[in-house]
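Asker: Let me begin by handing over the structure; questions about it come next.
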Amino acid sequence: GAATVQPLCWGEVRGKPAYQAPEMHEIGPYDPCLADAFSLGVLLYGMAAKGYPWEATKVGACELFDECLALGTRTFLERRRTGAGVAAGSSRLISQVLSPGLLDLLELLLQPRPC
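Residue numbers for the sequence shown follow full-length UniProt numbering, beginning at 1 and rising by one.
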């Protein structure tokens, strides 16, 4: 998005695997601004939940991302727990920790198939 002036990108996979928008791995063009929004969603999730939502966004490369695809973003988020740095047994459901508004925002930003 910010690194290009082109309205669409083809076959360009950029960034760390956890931050890559899923459409980067598909054949055909993608909107770089929507890809940036997805990456920001991963960043926001990481800050709020103390961990990545998944390790990679290529289908079949990460069980957590595949689970998100199967369940839908909202259900996936509601089932996840807080992560890194949390003492064993003390993690909480993300839906109990984050505000409803933040969950709504994450659901929008982390859409695996943007419109």
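All residues carry an ideal CB built from backbone N, CA and C; glycine is no exception. Quick caveat: nothing in here was measured; it's all calculated off a predicted structure.
Using CA coordinates, which residue listed in Thr57, Ala48, His25 and Arg14 is at the minimum distance from Arg92?
Answerer: Ala48
Asker: In angstroms with no decimal places, state the Cα-to-Cα distance between Leu110 and Gly72.
Answerer: 10 Å
Asker: Classify Thr57: buried if its beta carbon has 16 or more other beta carbons within 10 angstroms, exposed otherwise.
Answerer: buried
Asker: Measure the alpha-carbon distance for Tyr45 versus Gln6 and round it to whole angstroms.
Answerer: Rounded to the nearest angstrom, the two C-alpha atoms are 28 Å apart.
Asker: Cutting at 6 Å between CB atoms, please list the residues of its own chain near Ser99, excluding the five before and the five after it.
Answerer: none
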